[in-house]
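Residue numbers (the working numbering), protein chains in the order written: chain R, -3 to 109; chain Y, 642 to 755.
Positions of the beta carbon are idealized from the N, C-alpha and C atoms, including for glycine.
In what follows, a structure is listed as structure tokens, so that the remarks can point back to it.
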Amino acid sequence: GAVVSQHPSWVICKSGTSVKIECRSLDFQATTMFWYRQFPKQSLMLMATSNEGSKATYEQGVEKDKFLINHASLTLSTLTVTSAHPEDSSFYICSAYRVYEQYFGPGTRLTVT
Amino acid sequence: SQQGEEDPQALSIQEGENATMNCSYKTSINNLQWYRQNSGRGLVHLILIRSNEREKHSGRLRVTLDTSKKSSSLLITASRAADTASYFCATDVDSGGSNYKLTFGKGTLLTVNP
């Protein structure tokens, strides 16, 4: 149990376009999900905390208008990278929280050309 | 901000040898967790150790926690080529209402040579 999926697993987009990444908890409900970004050979950096039915909480330095988060249901959170630029190219990983543990998705590789 | 700092940053060993990775952190924690990440993949949870625990075992994994030194170690015994991955510690910072937020260390890249 406790499986989290992400879609797509990889995406290539042109500079200036927007990209939506989905994070789903497949076999449990998650009122809280987290979004992380990971640059090559670096660690995971928490971007924001997504709470079902309320606004996301963003970490310092993360632009909320650029990284739109919607947690519309107990099993789905989405991250939309708006007006993507090459510097937004990264590996985006989500996690869903349940009973003191976070369960991680497989990640989404975003490449902005 | 990065709470955990792992060392070494990279470790290369031969199959069958033991691998030890260390993690240090700065503030009080509720628990500390270790994760493995294969290249370009998501995270796999390995083990969680609570702040009131000193040692924990899971298969070939042994984790220790020294809250007085704010440090933890992960020992992988009898390593295998399949253990090749990056290993991260993550702390669950004791921050009141949001005490389930994780802060990750920089990670150790372990290479196990066959």
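Asked                                                                                                                                                           : Found
Residues of chain Y with a CB under 8 Å from the CB of PHE35(R): which are they?                                                                                : By Cβ distance, chain Y contributes nothing, its closest Cβ being about 12 Å from PHE35(R), past 8 Å.
Residues in the stretch 669 to 688 of chain Y with C-beta within 9 Å of chain R's C-beta atoms, listed in sequence order?                                       : ASN671, ASN672, GLN674, TYR676, GLN678, GLY681, ARG682, GLY683, LEU684, VAL685 and HIS686
Take GLU18(R) and list the residues in its own chain whose beta-carbon comes closer than 7 Å to its own, dropping the five residues that flank it on each side. : GLN2, HIS3, LEU72 and THR74
Measure the Cβ-Cβ separation of SER665(Y) and GLU646(Y) and say whether it is below 8 Å.                                                                        : yes
To the nearest angstrom, report how far apart VAL15(R) and LEU751(Y) are at their CA atoms.                                                                     : 33 Å
Based on Cα-Cα distance, which residue from VAL95(R), GLY101(R) and ALA68(R) lies nearest to PHE87(R)?                                                          : GLY101(R)
So that I know if they touch, is there some Cβ in chain Y lying closer than 8 Å to that of ARG105(R)?                                                           : yes
Using a Cβ cut-off of 7 Å, pull out every chain B residue sitting near GLN98(R), in sequence order please.                                                      : Protein chains in the displayed structure are R and Y, and chain B is not among them.
Taking TYR741(Y) as the reference, give the member of ILE8(R), THR28(R) and ALA(-2)(R) with the closest Cα.                                                     : THR28(R)
Give the straight-line distance between the Cα atoms of ILE688(Y) and TRP675(Y), rounded to the nearest whole angstrom.                                         : 6 Å
Between SER91(R) and the ligand FAD, is there a pair consisting of the residue's CB and a ligand heavy atom that are separated by less than 7 Å?                : Judged by which ligands are present, the structure shown has none, so any question about the ligand FAD falls away.
Does DSSP put ALA44(R) in a helix, a strand or coil?                                                                                                            : strand
Quick one: which chain Y residues come within Cβ less than 8 Å of PRO4(R)?                                                                                      : Within 8 Å Cβ-Cβ: nothing; PRO4(R) doesn't reach chain Y, min ~14 Å.
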